[in-house]
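Chemist: Sequences listed follow chains A and B, in order. If you read the first sequence in numbering that gives the first Met the number 0, its first letter stands for residue 0, the second for the next number, and so on. If you read the second sequence in numbering that gives the first Met the number 0, its first letter stands for residue 0, the second for the next number, and so on. Note that CB positions come from ideal geometry on N, CA and C, so glycine has one too.
There are 2 protein chains.
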Amino acid sequence: MLLVRGDPGREDVREGRPAGGGRGRGGALEALGGAPALLSEGLRRRGTDPGAERDGREGPAGRSPDLRAAGGAVIRGAPARCPPPGGGGVRTSSHCFIPPARVCYNPGVPQDERAFLDWLIRRRPFRRGRGVLAGIGDDCAVVRGPRGRTPGLFKIDSVVDGVHFLSKTTRPFWIGWKALNRSLSDIAAMGGVPRYAVAAACVPRGFGLARMKQVMAGLAAAARRAGVALVGGDTASTAGPFSVSVAVWGEAGPGGPVLRSGARPGDWVWVTGALGGSILGRHLTFTPRLREAREIVRRLRPTAMMDVSDGLGIDAGRMAKAGGVAIVLEGGAVPVSRAARALSRRDGRSPLDHALADGEDYELLFTTRPRRPRDVTGLSLGGVRATVIGRVRRGCGAWIIDRGRRRRIDAAGYEHLL
Amino acid sequence: MLLVRGDPGREDVREGRPAGGGRGRGGALEALGGAPALLSEGLRRRGTDPGAERDGREGPAGRSPDLRAAGGAVIRGAPARCPPPGGGGVRTSSHCFIPPARVCYNPGVPQDERAFLDWLIRRRPFRRGRGVLAGIGDDCAVVRGPRGRTPGLFKIDSVVDGVHFLSKTTRPFWIGWKALNRSLSDIAAMGGVPRYAVAAACVPRGFGLARMKQVMAGLAAAARRAGVALVGGDTASTAGPFSVSVAVWGEAGPGGPVLRSGARPGDWVWVTGALGGSILGRHLTFTPRLREAREIVRRLRPTAMMDVSDGLGIDAGRMAKAGGVAIVLEGGAVPVSRAARALSRRDGRSPLDHALADGEDYELLFTTRPRRPRDVTGLSLGGVRATVIGRVRRGCGAWIIDRGRRRRIDAAGYEHLL
Numbered sequence: 000m001l002l003v004r005g006d007p008g009r010e011d012v013r014e015g016r017p018a019g020g021g022r023g024r025g026g027a028l029e030a031l032g033g034a035p036a037l038l039s040e041g042l043r044r045r046g047t048d049p050g051a052e053r054d055g056r057e058g059p060a061g062r063s064p065d066l067r068a069a070g071g072a073v074i075r076g077a078p079a080r081c082p083p084p085g086g087g088g089v090r091t092s093s094h095c096f097i098p099p100a101r102v103c104y105n106p107g108v109p110q111d112e113r114a115f116l117d118w119l120i121r122r123r124p125f126r127r128g129r130g131v132l133a134g135i136g137d138d139c140a141v142v143r144g145p146r147g148r149t150p151g152l153f154k155i156d157s158v159v160d161g162v163h164f165l166s167k168t169t170r171p172f173w174i175g176w177k178a179l180n181r182s183l184s185d186i187a188a189m190g191g192v193p194r195y196a197v198a199a200a201c202v203p204r205g206f207g208l209a210r211m212k213q214v215m216a217g218l219a220a221a222a223r224r225a226g227v228a229l230v231g232g233d234t235a236s237t238a239g240p241f242s243v244s245v246a247v248w249g250e251a252g253p254g255g256p257v258l259r260s261g262a263r264p265g266d267w268v269w270v271t272g273a274l275g276g277s278i279l280g281r282h283l284t285f286t287p288r289l290r291e292a293r294e295i296v297r298r299l300r301p302t303a304m305m306d307v308s309d310g311l312g313i314d315a316g317r318m319a320k321a322g323g324v325a326i327v328l329e330g331g332a333v334p335v336s337r338a339a340r341a342l343s344r345r346d347g348r349s350p351l352d353h354a355l356a357d358g359e360d361y362e363l364l365f366t367t368r369p370r371r372p373r374d375v376t377g378l379s380l381g382g383v384r385a386t387v388i389g390r391v392r393r394g395c396g397a398w399i400i401d402r403g404r405r406r407r408i409d410a411a412g413y414e415h416l417l
Numbered sequence: 000m001l002l003v004r005g006d007p008g009r010e011d012v013r014e015g016r017p018a019g020g021g022r023g024r025g026g027a028l029e030a031l032g033g034a035p036a037l038l039s040e041g042l043r044r045r046g047t048d049p050g051a052e053r054d055g056r057e058g059p060a061g062r063s064p065d066l067r068a069a070g071g072a073v074i075r076g077a078p079a080r081c082p083p084p085g086g087g088g089v090r091t092s093s094h095c096f097i098p099p100a101r102v103c104y105n106p107g108v109p110q111d112e113r114a115f116l117d118w119l120i121r122r123r124p125f126r127r128g129r130g131v132l133a134g135i136g137d138d139c140a141v142v143r144g145p146r147g148r149t150p151g152l153f154k155i156d157s158v159v160d161g162v163h164f165l166s167k168t169t170r171p172f173w174i175g176w177k178a179l180n181r182s183l184s185d186i187a188a189m190g191g192v193p194r195y196a197v198a199a200a201c202v203p204r205g206f207g208l209a210r211m212k213q214v215m216a217g218l219a220a221a222a223r224r225a226g227v228a229l230v231g232g233d234t235a236s237t238a239g240p241f242s243v244s245v246a247v248w249g250e251a252g253p254g255g256p257v258l259r260s261g262a263r264p265g266d267w268v269w270v271t272g273a274l275g276g277s278i279l280g281r282h283l284t285f286t287p288r289l290r291e292a293r294e295i296v297r298r299l300r301p302t303a304m305m306d307v308s309d310g311l312g313i314d315a316g317r318m319a320k321a322g323g324v325a326i327v328l329e330g331g332a333v334p335v336s337r338a339a340r341a342l343s344r345r346d347g348r349s350p351l352d353h354a355l356a357d358g359e360d361y362e363l364l365f366t367t368r369p370r371r372p373r374d375v376t377g378l379s380l381g382g383v384r385a386t387v388i389g390r391v392r393r394g395c396g397a398w399i400i401d402r403g404r405r406r407r408i409d410a411a412g413y414e415h416l417l
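#1: Put ILE408 of chain B into one of helix, strand or coil per three-state DSSP.
#2: Compare the beta carbon distance of VAL307 of chain A and GLY252 of chain A with 8 Å and say whether it is the shorter of the two.
#3: Measure from the C-beta of GLY232 of chain B to each C-beta in chain A and report whether the shortest distance is under 8 Å.
#4: Going by C-alpha to C-alpha distance, which of B:ALA397, B:ARG340, B:PRO287 sits closest to ALA321 of chain B?
#5: Give me the Cβ distance between VAL192 of chain B and GLY249 of chain B, rounded to the nearest whole Å; I'm assuming they're in contact under 8 Å.
#6: Report yes or no: do the region 163-174 of chain A and the region 264-277 of chain A share at least 3 C-beta pairs separated by less than 8 Å?
#7: Please tell me whether ASP309 of chain B has its Cβ less than 8 Å away from any Cβ of chain A.
#8: What does ALA130 of chain B reach in chain A if we use C-beta pairs closer than 8 Å?
#9: Using only the alpha-carbon positions, how far apart do THR271 of chain B and ALA385 of chain B sit?
#10: Taking 8 Å as the threshold (beta carbon to beta carbon), is CYS201 of chain A in contact with chain B?
#11: Any beta-carbon of chain B closer than 8 Å to the one on LEU208 of chain A?
#12: Which whole-angstrom value is the C-beta distance of VAL214 of chain A and PRO171 of chain A, which I expect to be below 8 Å?
#13: Any contact between the region 147-162 of chain B and the region 176-195 of chain B? By contact I mean 3 or more CB pairs, one from each, below 8 Å.
#14: Take ASP401 of chain A and list the residues in its own chain whose beta-carbon comes closer than 7 Å to its own, dropping the five residues that flank it on each side.
#15: Would a C-beta distance cut-off of 8 Å place ILE313 of chain A and GLY389 of chain A closer than the cut-off?
#16: Cβ closer than 9 Å: which chain B residues qualify as neighbours of PHE153 of chain A?
#17: Scan the region 247-321 of chain A and note each continuous alpha helix (DSSP H) run of 4 residues or more that stays entirely inside, going in chain order.
#18: Could one say the Cβ of ALA221 of chain B lies closer than 8 Å to chain A's Cβ atoms, at least one of them?
#19: Let's see if you can read the secondary structure: which residues bound the beta strand (DSSP E) around PHE172 of chain B?
#20: Any beta-carbon of chain A closer than 8 Å to the one on GLY403 of chain B?
#21: Which chain A residues are close to ASP306 of chain B, counting only those with a beta carbon under 9 Å from its beta carbon?
#22: Verify the CB distance criterion: does ASP156 of chain B have a CB-CB separation below 8 Å to chain A?
#23: Touch check for the region 229-247 of chain B and the region 297-305 of chain B: three-plus C-beta pairs under 8 Å?
#24: Which residues in the same chain as SER93 of chain B place their Cβ atom closer than 6 Å to its Cβ, once the five residues preceding and following it in sequence are excluded?
#25: Got a sec, what are the start and stop residues for the alpha helix (DSSP H) ASP210 of chain A sits in?
#26: Quick one: list the residues of chain B neighbouring TRP118 of chain A, beta-carbon separation under 9 Å, in chain order.
#27: Give me the Cα-Cα distance between ALA341 of chain A and GLU359 of chain B, rounded to the nearest whole angstrom.
#28: Is it right to say ASP346 of chain A is buried, meaning 16 or more other beta carbons lie within 10 angstroms of its own, or is it exposed?
#29: Please state the DSSP three-state secondary structure of SER166 of chain A.
#30: Expressed to the nearest angstrom, what Euclidean distance is found between the alpha-carbon atoms of GLY254 of chain A and GLY316 of chain B?
#31: Around the Cβ of ARG344 of chain B, are there at least 16 other Cβ atoms within 10 angstroms (buried) or fewer (exposed)?
#32: Is there a C-beta anywhere in chain A that falls below 8 Å from the one on GLY255 of chain B?
#33: For a contact meaning CB atoms closer than 7 Å, what does GLY239 of chain A contact in chain D?
#34: Under a Cβ-count criterion, where at least 16 other Cβ atoms within 10 Å of its own Cβ denotes burial, should THR284 of chain B be classed as buried or exposed?
#35: Quick check on the burial criterion: 16 or more other C-beta atoms within 10 angstroms. Buried or exposed for THR367 of chain B?
#36: If you follow the beta strand (DSSP E) that ARG345 of chain A is in, where does it begin and where does it stop?
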């Protein structure tokens, strides 16, 4: 199943002027319709919504806004090439350059999670430390194990009422289930083995003991399923919505931790399961791909791996950025879930757009060397499919070739507003 | 400095009818005045406020309410003795009995953190697990280390706007500083060495990148001071107040982890520093007693240790309950901070009441065997004082002898409402 034409590593995405228009980090896409009610509060959805008009802001210093149609979306301030060094930016590799913060954060413009993360990743205290093998910027932190032991994995994640679930319609059991499984999905994304978890709940007055017990039952069920010991926690009252943060400590699996930065030009890009439409229920009831990840590590020796939590587009963009490469997906190869098709019939957005931008799939996105097999015959993933959906190229960003046109998809997914 | 008369272990607090009235877990104290504005939202303060009238509820099944004056406070439903077994309760030792949940949680009555924790501690999945040496119920979870290695410590804690700080008046730096140091204080309470931390922030819209950076600077400063690597995090948007949850992974110190359950009749009870009035600033700017704790472990071999986070009264009560003993403090020996005296001049409550009930002192409460020294000459705690403030007795609960009267103080401190 050859998805992308051309020899591995020969096509340079930076050089080819994208058919659908590129978007540099200096440009800006504003949120538009299509966000379900669940996400409307404090969240901006960056979709690939065809026909949607987008606000633009001034591009990187001195660059004039660049109007271009991408699948019907109007994008401004979008340089076609990765911006050159200068003005305080950081060159992460010979291929890719992170522009300086002042270019990204225009005053008066709402700040995004991405901007904050970029700032953090560049700060030394959060990047390095005694015993830290991989800090902020990957699915989990990787820390040195005791002598001769496997490295430790450390992760924290939160679920917030009105953002990750709606307490009015969600059974409290699923709040607990999701809260732990989100962190476990990140441990899975490293091919790791989770060991211990602690949970901190912020509880509004009147939430009540009965519901707290059900949340705990969800946490306990998720812990039991993954073989994790839930060893501690904290409850604090809040004037705001209910939230739970869960931290998980684990160990790297036998193949060592798989970082998201290891993708190299020519690699195959894979995804497990089918994507999109998780809002119809799977975003609560999913099970993290812990066993599948370990099987993938054992059989396919992935060069990079991460979980798809914010949307295939944005997450493929993160993997591309971490590796200093471009990721090019084949639209027809992306596995689209039944839920994504159901949503598509309701809202008219294409099933592929749902698969790219809905997020909360908690599937695994990974890359393998060109010589590794491209089919999963004999790969026992317990009924979970793994599909080759594209290739890694030299260049920047995440792209999709859909009906013969190439467009940039780094921005298809969720971002939290700060 | 002999504080409590009588031979160690000879006095049985259960048997002596307390002069100031006891309070069984079946009884209930309602919140009343005296809570500063910071704590009014979603928090109930259980004080030793003299003259305050308290709502009562029906005591444990079949027990008639027992009216009794305790330092001027009217307490109802308060059995003078630990309740006898029966009706589904749990006997934790030959001395102490935890009554069944249905006695504690009257329908329609706001539920407390304590009730939830009691429920949790009795649930097997949260108490036991592969490799878990101490689960929910102590300052940190203690988990088995790799073969031949020291056990691991795991802790999570949160700070919430309106509960633990007021974002309108607090510099964001101190929010981050406090968020990490609260968890570090729990690692200190075990005599442990913190290694790695992860932080999850729930961020209201409009909080802004500038303030987030200051919060991170506070986290980073606290991490640097304690030699902790801040290795990861998460940001989520919320419609509610700003909050940060921090999880810390550490290792037990050379003397092994010191649990809060080890106090035995006859032991001396100690506290570091001076207590009360933290609301005037120290609740934000404190430094966790990490080095002091390790020095205490090395020199005094404490039998039990914990940090004073919710108030000396409530925390001494927790230590007593964990060990199945009574803790009797000498009012005159409790070190009262300058801030507690300043508050006392403003509100008329005694400095001792502030020291017992204000909480957020983040000092160490610990016990030592009767033969250990009772003075700290030669104990290098870097200028921090350690004071003997009472003794451990057979029986239940925390008590104070103040101006010749003994009263129960388990309820003096904070509880979060659920």
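Modeler: In short:
#1: If DSSP states are grouped into helix, strand and coil, ILE408 of chain B belongs with coil.
#2: Taking the C-beta atoms as reference points, GLY252 of chain A is found no nearer than 8 Å to VAL307 of chain A.
#3: Yes, its Cβ sits closer than 8 Å to a Cβ of chain A.
#4: Ranking B:ALA397, B:ARG340, B:PRO287 by Cα distance to ALA321 of chain B puts B:ALA397 first.
#5: Between the beta-carbon of VAL192 of chain B and that of GLY249 of chain B there is about 6 Å, and that keeps the pair under the 8 Å contact cut.
#6: Output reads no: the region 264-277 of chain A does not touch the region 163-174 of chain A.
#7: Not closer than 8 Å to any Cβ of chain A, the Cβ of ASP309 of chain B fails to qualify, so no.
#8: One detail in the question is off: residue 130 of chain B reads as Gly in this sequence, not Ala. For GLY130 of chain B, the neighbours in chain A by C-beta distance under 8 Å run, in chain order, ARG194, TYR195, ALA228.
#9: Using only the alpha carbons, I get a separation of about 4 Å.
#10: Taking Cβ atoms only, chain B reaches closer than 8 Å to CYS201 of chain A, which makes this a yes.
#11: A Cβ of chain B is located within less than 8 Å of the beta carbon of LEU208 of chain A.
#12: That belief holds up - the Cβ atoms of VAL214 of chain A and PRO171 of chain A are roughly 5 Å apart, short of 8 Å.
#13: Contact between the region 147-162 of chain B and the region 176-195 of chain B is established, with three or more Cβ pairs separated by less than 8 Å.
#14: Result list for ASP401 of chain A: GLY330, LEU351, in chain order.
#15: Their beta carbons are not under 8 Å apart, which means ILE313 of chain A does not touch GLY389 of chain A by this criterion.
#16: By Cβ distance, chain B contributes TYR195, ALA196, VAL197, VAL230, GLY231, ALA246, TRP248.
#17: Segments of the alpha helix (DSSP H) lying fully in the region 247-321 of chain A: 281-284, 289-299.
#18: Not an interface residue.
#19: Counting along the chain, PHE172 of chain B falls outside any beta strand (DSSP E), though it belongs to the alpha helix (DSSP H) covering 171-187.
#20: Not flagged as an interface residue toward chain A: GLY403 of chain B, since no C-beta distance is shorter than 8 Å.
#21: What ASP306 of chain B touches in chain A: nothing, since even the nearest Cβ is about 13 Å away.
#22: Cβ-Cβ to chain A under 8 Å: yes for ASP156 of chain B.
#23: Fewer than three Cβ pairs drawn from the region 229-247 of chain B and the region 297-305 of chain B lie within less than 8 Å of each other, which leaves the two stretches out of contact.
#24: Low confidence applies here, because SER93 of chain B scores a pLDDT of 35, under 50, leaving its location unreliable and the question unanswered by this model.
#25: One point to set straight first is that residue 210 of chain A is Arg, not Asp, in the sequence displayed. Start and end: 208-225.
#26: Correct list: LEU208, MET211, LYS212, MET215.
#27: Between the alpha carbons of ALA341 of chain A and GLU359 of chain B lies a distance of about 52 Å.
#28: Counting C-beta atoms within 10 angstroms of its own C-beta, ASP346 of chain A has fewer than 16 neighbours from the protein chains shown and is therefore classed as exposed.
#29: Coil, per DSSP.
#30: It is roughly 48 Å from the alpha-carbon of GLY254 of chain A to the alpha-carbon of GLY316 of chain B.
#31: With fewer than 16 other beta carbons inside 10 angstroms of its own, ARG344 of chain B counts as exposed.
#32: The beta carbon of GLY255 of chain B sits no closer than 8 Å to any beta carbon of chain A.
#33: In the structure shown, chain D does not exist; the protein chains are A and B.
#34: Its Cβ having fewer than 16 others within 10 Å, THR284 of chain B is exposed.
#35: Classification for THR367 of chain B: buried.
#36: Unbroken run through ARG345 of chain A is the alpha helix (DSSP H), 337-346; no beta strand (DSSP E).
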